[in-house]
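K.L.:
For reference, each letter of the sequence shown is one residue, going 690 to 753 in this note's numbering.
A virtual CB, placed ideally from N, CA and C, is assigned to each residue, including glycine.
Keep in mind that this is a model prediction, so the values were computed, not measured.
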Amino acid sequence: MSDRMNKEVSYKDVEKSETSNKVNPKNGWITVNRTCNMRCKWCYAKETEYRGELSLEFAQKLAT
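#1: Considering Cα atoms alone, identify which of Leu745, Thr753, Thr724 is closest to Glu738.
#2: Do you know how far the Cα of Pro714 is from the Cα of Gly741?
#3: Can you give the Cα-Cα distance for Phe747 and Asn726, rounded to whole angstroms?
So, in C-alpha cells, the structure goes:
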C-alpha cells in the first residue's frame, strides 16, 4: 500500500484510471501548461515530452 501512495502519477495514468477501482492519491499538483520561457538550468519540466496545455474540462475533473 505505501508503494502506491508514494508513486508519482502521470497525466496518462490519471486519464486511464478514471473508470478503474484504483486508490485515489491523497495530494498532487496540476501543471496547466509548459510554456514558461525563463529557461532555468535546473528545471525538470523542459525534459518532458508533454508540450500541450491542460483543458479546462480535464482540470475540473481532476479538482473534483
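P.N.:
Per the coordinate set shown:
#1: Within the sequence shown, the letter at position 49 stands for residue 738. Ranking Leu745, Thr753, Thr724 by Cα distance to Glu738 puts Thr724 first.
#2: Translated into positions along the sequence shown, residue 741 becomes position 52. Translated into positions along the sequence shown, residue 714 becomes position 25. Distance between the alpha carbons of Gly741 and Pro714 is about 23 angstroms.
#3: Counting from one through the sequence shown, the residue named residue 747 turns up at place 58. Counting from one through the sequence shown, the residue named residue 726 turns up at place 37. Phe747 and Asn726: Cα-Cα distance of roughly 24 angstroms.
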